[in-house]
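Please read the structure below before turning to the comments.
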Amino acid sequence: MKTPLAWYNLAHHKVRTVAAVAGVMFAVVLIFLQLGFRGTAERTASLVYEALEFDILIRSRNSGRLSQSRPFPRVRLDQAASAPGVAGASGVLLNYLRWQSTRGATRPILALGVFPDAPVFSNAELQTKLRLLTAPEFLLIDRASRAEFDPANGAEFGDQDLGTEAELDRRRVRIVGHFQLGTTFDADGMVVLSQEGFRRVQPAWPSKHVSLGLVRLEPGADPAAVSEELRRRFAEQQAVDVDVFTRDQVIEHERWVWLWQQSIGLIFTMGVAVALVVGSVIVYQVLSSDVTNHLPEYATLKAMGYSDGFLSRVVLAQAVILALLGFAPGLALSQALYALTAWKTRLPLDMTAGRVAGVLGLSLVMCVVSGLLALRKLRGADPADLY
Amino acid sequence: MRTPLAWHNLTHNRRRLAVALAGVGFAVVLMFTELGFRNALFDTTIQIPEKLNADLILASKAHKGLVSFERFDRQRIYQARGCPGVKAVYPFYLHFYGVFWKARGEVIHPIRLLAFSLSDPVIAIPEIAVFARALEEPGTALLDRRSKPLYGIPRGADPVAAQPAIELNHRALRLVGEFELGTDFLADGNLILSDRNFARFLPGRAPGKDPLSVVDLGVVQVADGADVEEVRDALARLLPDDVRVYTKQAFIDREIAFWNNSTPIGYVFFLGMMIGFLVGVVVCYQIISADISDHVPEFATLKAMGYRNRYFMGFVLQEAFLLSILSFLPGLLVSLGIYTLLAKGTGLLMVLNAPRAAFIFVLTAAMCLCSGVLAMRKVLAADPADLF
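Right under this line is the structure:
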């Protein structure tokens, strides 16, 4: 093909092409946005787990999402620690507590109670700052916590809040440090206390009970084999109050909970499905109207002796060009919308390489398939109809 | 205009019309689904206040939404009863954090408790009267039929007949019947108990005090003939500053505003709907502009015959409006189908009522008219001299 006919076709009708590109672009944005929203539900599932240091996690049986973990006897940790391949186990206490700022703002916040001397977090900043928890009333707060928790500058917790007092479940506490983790659909704010501090604000917490058991393995130990062994031991002792997960398993389980059990994840999953259908229909509409618009020209070419194959290549080339032209601004706009959403809601949406590649592939496929469908029209184009 | 030119133009090419209707129709479906999702989330959160037999609702000053579980002293209920114009005030108790359901010794999951004195007509749930006597017995409760299946009771099974061994916070619980409420963001299931049973299961609810001495909501009924807003103002003057008085509607609006403003939910679905709208504008523009390009010679002829620009502007807008009506109807039908499927598949509350459909229709019309205005330049530019 010496004359780049596909390109000329598009370049000739600028306004029409802009409209077609806009159509493809919005389809791309639509899909990116829904994927991004669904991504926030997945992120909700993994954020806290990813910040914790463990190879195997012990948690109460059948508690749905992380924040619904309930206390189980700490003796399970001692039992786990004696298994071969286990280097150590430490407990974390976890509950929603009532946060109240000195200015009176109240909101439930997710609180973790940890042993500051134990390796608890894989998040380096958090683990380092644990040594600030030298008194029961001291706590660390997530900088990403929503503004409703009432930081001094009205937007984000930071150095200016150090030393500030607040209440957790009506007991006085003091902010001694901050860290960056992020908000999720499960928790839009988080604080970390020592276990002593946690029990001080939660006097009714059952003694010798923890919410999560972080089990660390010796180098070279196989998490799957050790977790199997732990499950076997617990079953033997009829300890039906806990479940044992490897790191991958617990994140997978939590992902399942958020994507398929919680309404919000179900809705986002369906949002992605609807976006795919609507996106495809729009792209088809764009390409088919483009072919229709050029039908007389195509019929003329046919009359001149050009083959159906040649015309198909023109249409497909046009489809690919439209896909690429629409994808580029679509990606840019989506990134802007991701940033806007992250700023408005504090739920970070990540434009991952996999997602970019996936949507690019998808828009190419949508455009080419729509082009092929539109081609059927062209096959029927009869030079005789022209005049 | 005697000849409905816009109509003829639109319906002349059937095939193109079908593609056009599919394009705009799907934009309509997209807006409907996003709105439906948003409403599904909001509708479920306001089910409890919706069902309260209240003209006014008392809540703690710190109360922001039903998830905040801010409580107030029962004394306020007694004080409110003395206010002129008030017929009755009832305490209503809720508890979620720290309530654990355990079935067959293995399935453990948090559940929300709703409680009140069984002789108080606080909530419009007919099963309460039916099971009132059974609920007076110690350790009994009604289970929400729409609780998610993760409580160890298979969907469709009769929990009363099956009667699995259930513990609530380490105390035996006996189900005596079912009622219907629904799940929301917070709770995957609900139980209704008498206030006495509620206190039995939650001895530590108000540390050091009677568990019933702190109340979640006060259900206020106004005397016949009294003005609701006047009574609200009188109550607000009478009661100390630690409680607030809302009309039922204001309370519901506050609940929705809480979810809308201080959680990501409202924003996320607003954005989804906006994208649907923009997609619709583009699709609609393409259809109208393609139609205009095809008929430029005809337009030029009409212009040469003396038709004014005003006529063509009206024509394009008419065509846009017709397109919005024609595509709204199939869009509505498809959306109804999707709503039904989603409601069945997920247990979400997908409600499509007339005001919501009307809202989407207004958006659809606006969408098509926007495109019409964009496409109009083309007709106006048609020059009779170009014809030949």
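Chains A and B, in that order, give the protein sequences. With my numbering as the guide, the letters of the first sequence map in order to residues 1 to 387. With my numbering as the guide, the letters of the second sequence map in order to residues 1001 to 1388. Yeah, the Cβ is synthetic: ideal placement off N, Cα and C, and Gly gets one too.
C-alpha gap between residue i and residue j, whole angstroms
i: Tyr-338 (chain A); j: Thr-183 (chain A); result: 15 Å
i: Val-1379 (chain B); j: Ala-1320 (chain B); result: 14 Å
i: Phe-1251 (chain B); j: Tyr-1339 (chain B); result: 27 Å
i: Asp-186 (chain A); j: Thr-44 (chain A); result: 7 Å
i: Phe-1270 (chain B); j: Gln-1318 (chain B); result: 28 Å
i: Leu-1142 (chain B); j: Gln-1079 (chain B); result: 31 Å
i: Leu-1329 (chain B); j: Val-1279 (chain B); result: 18 Å
i: Glu-229 (chain A); j: Asp-1242 (chain B); result: 55 Å
i: Ser-67 (chain A); j: Asp-1188 (chain B); result: 13 Å
i: Ser-1262 (chain B); j: Tyr-284 (chain A); result: 39 Å
i: Ala-118 (chain A); j: Leu-217 (chain A); result: 14 Å
i: Ile-1166 (chain B); j: Gln-180 (chain A); result: 41 Å
i: Phe-1471 (chain B); j: Pro-71 (chain A); result: With chain B represented from 1001 up to 1388, any question about residue 1471 (chain B) goes unanswered, as that position is not in the structure.
i: Tyr-96 (chain A); j: Gly-104 (chain A); result: 18 Å
i: Val-272 (chain A); j: Leu-35 (chain A); result: 6 Å
i: Ala-317 (chain A); j: Ala-1022 (chain B); result: 25 Å
i: Pro-1084 (chain B); j: Ala-1157 (chain B); result: 49 Å
i: Cys-1368 (chain B); j: Phe-1299 (chain B); result: 21 Å
Chain A within 7 Å of residue i, Cβ atoms only
i: Phe-1100 (chain B); result: yes
i: Ile-1192 (chain B); result: no
i: Val-1019 (chain B); result: yes
i: Val-1215 (chain B); result: no
i: Ala-1290 (chain B); result: yes
i: Tyr-1267 (chain B); result: yes
i: Met-1001 (chain B); result: Here the model assigns Met-1001 (chain B) a pLDDT of 49, short of 50, so the residue's position is not dependable, and the following value carries that caveat. It does not: the Cβ of Met-1001 (chain B) has no partner Cβ on chain A nearer than 7 Å.
i: Ala-1257 (chain B); result: no
i: Leu-1278 (chain B); result: yes
i: Tyr-981 (chain B); result: Coverage of chain B is limited to positions 1001 through 1388, which leaves residue 981 (chain B) absent and any answer about it impossible.
i: Ile-1275 (chain B); result: yes
i: Tyr-1285 (chain B); result: yes
Neighbourhood of residue i by C-beta, 6 Å cutoff - its chain only, sequence neighbours within 5 removed
i: Val-1334 (chain B); result: Val-1029
i: Phe-327 (chain A); result: Val-28, Leu-360 and Ser-363
i: Ile-1153 (chain B); result: Pro-1159
i: Ala-152 (chain A); result: Gln-160 and Asp-161
Chain B contact for residue i (CB, 7 Å cutoff)
i: Ala-51 (chain A); result: no
i: Thr-44 (chain A); result: no
i: Ala-19 (chain A); result: yes
i: Arg-76 (chain A); result: no
i: Tyr-306 (chain A); result: no
i: Arg-61 (chain A); result: yes
i: Phe-72 (chain A); result: no
i: Thr-164 (chain A); result: no
i: Val-283 (chain A); result: no
i: Ser-67 (chain A); result: no
Beta-carbon contacts of residue i that lie in its chain and below 8 Å, excluding the five residues immediately before and after
i: Glu-1255 (chain B); result: Thr-1045, Ile-1046, Pro-1049, Gly-1065 and Leu-1066
i: Phe-1198 (chain B); result: Tyr-1093, His-1095, Leu-1113, Ala-1115, Pro-1211 and Leu-1212
i: Asp-1055 (chain B); result: Val-1220, Gln-1221, Val-1222, Val-1228, Val-1231, Thr-1247 and Lys-1248
Short CB-CB distance (under 7 Å) between residue i and chain D
i: Thr-184 (chain A); result: Reference to chain D is not applicable here, since the protein chains of this structure are A and B.
Closest residue to residue i among the options (Cα-Cα distance)
i: Ile-1292 (chain B); options: B:Met-1273, B:Phe-1315 and B:Met-1305; result: B:Phe-1315
i: Leu-1150 (chain B); options: B:Pro-1264, B:Ile-1108 and B:Ser-1060; result: B:Ile-1108
i: Arg-1081 (chain B); options: B:His-1295, B:Phe-1185, B:Leu-1238 and B:Arg-1104; result: B:Leu-1238
i: Trp-256 (chain A); options: A:Thr-17, A:Ala-41, A:Ser-69 and A:Leu-30; result: A:Ala-41
i: Thr-20 (chain A); options: A:Ala-319, A:Trp-99 and A:Pro-151; result: It should be pointed out that residue 20 (chain A) corresponds to Ala in this sequence rather than to Thr. Per the Cα distances, A:Ala-319.
i: Val-1351 (chain B); options: B:Thr-1011, B:Phe-1032 and B:Ser-1289; result: B:Phe-1032
i: Arg-1104 (chain B); options: B:Ala-1257, B:Cys-1083 and B:Pro-1164; result: B:Pro-1164
i: Pro-348 (chain A); options: A:Arg-16, A:Leu-47 and A:Tyr-298; result: A:Leu-47
i: Asn-1309 (chain B); options: B:Thr-1011, B:Met-1376, B:Leu-1326 and B:Ser-1147; result: B:Met-1376
i: Asp-1041 (chain B); options: B:Pro-1264, B:Val-1215 and B:Asp-1120; result: The displayed chain sequence assigns Leu, not Asp, to residue 1041 (chain B). Of the candidates B:Pro-1264, B:Val-1215 and B:Asp-1120, the one whose C-alpha sits nearest the C-alpha of Leu-1041 (chain B) is B:Pro-1264.
i: Val-1214 (chain B); options: B:Val-1373, B:Asn-1039, B:Ile-1077 and B:Asn-1053; result: B:Ile-1077
i: Val-286 (chain A); options: A:Val-176, A:Gln-202, A:Val-369 and A:Thr-106; result: A:Val-369
Contacts around residue i, its chain only, beta-carbon distance under 7 Å, and the 5 residues preceding and following it disregarded
i: Glu-1034 (chain B); result: Phe-1269, Gly-1272, Met-1273 and Gly-1276
Check whether the segment 247-266 of chain A touches the segment 1014-1028 of chain B, counting contact only when three or more Cβ pairs, one atom from each stretch, lie closer than 8 Å.
no
Validate contact between the segment 156-164 of chain A and the segment 190-198 of chain A using beta carbons, cut 8 Å, 3 pairs:
no
Would the segment 247-256 of chain A and the segment 363-376 of chain A be scored as touching if the rule is three or more Cβ pairs under 8 Å?
no
Just checking, does the segment 222-232 of chain A make contact with the segment 172-179 of chain A on the three C-beta pairs under 8 Å criterion?
no
For the pair the segment 48-58 of chain A and the segment 272-291 of chain A, tell me if three or more CB-CB distances fall below 8 Å.
Output reads no: the segment 272-291 of chain A does not touch the segment 48-58 of chain A.
Does the segment 121-141 of chain A come close enough to the segment 84-94 of chain A that 3 or more CB-CB pairs lie under 8 Å?
By the C-beta criterion, the segment 84-94 of chain A is judged not to be in contact with the segment 121-141 of chain A, since fewer than 3 inter-stretch pairs fall below 8 Å.
Between the segment 87-101 of chain A and the segment 203-210 of chain A, are three or more C-beta pairs nearer than 8 Å?
Segments in contact, yes.
Is the number of C-beta pairs between the segment 1161-1179 of chain B and the segment 1127-1138 of chain B that are closer than 8 Å three or more?
Contact between the segment 1161-1179 of chain B and the segment 1127-1138 of chain B is present, with at least three C-beta pairs closer than 8 Å.
Check whether the segment 1285-1299 of chain B touches the segment 7-25 of chain A, taking contact to mean three or more Cβ pairs, one atom from each stretch, closer than 8 Å.
yes
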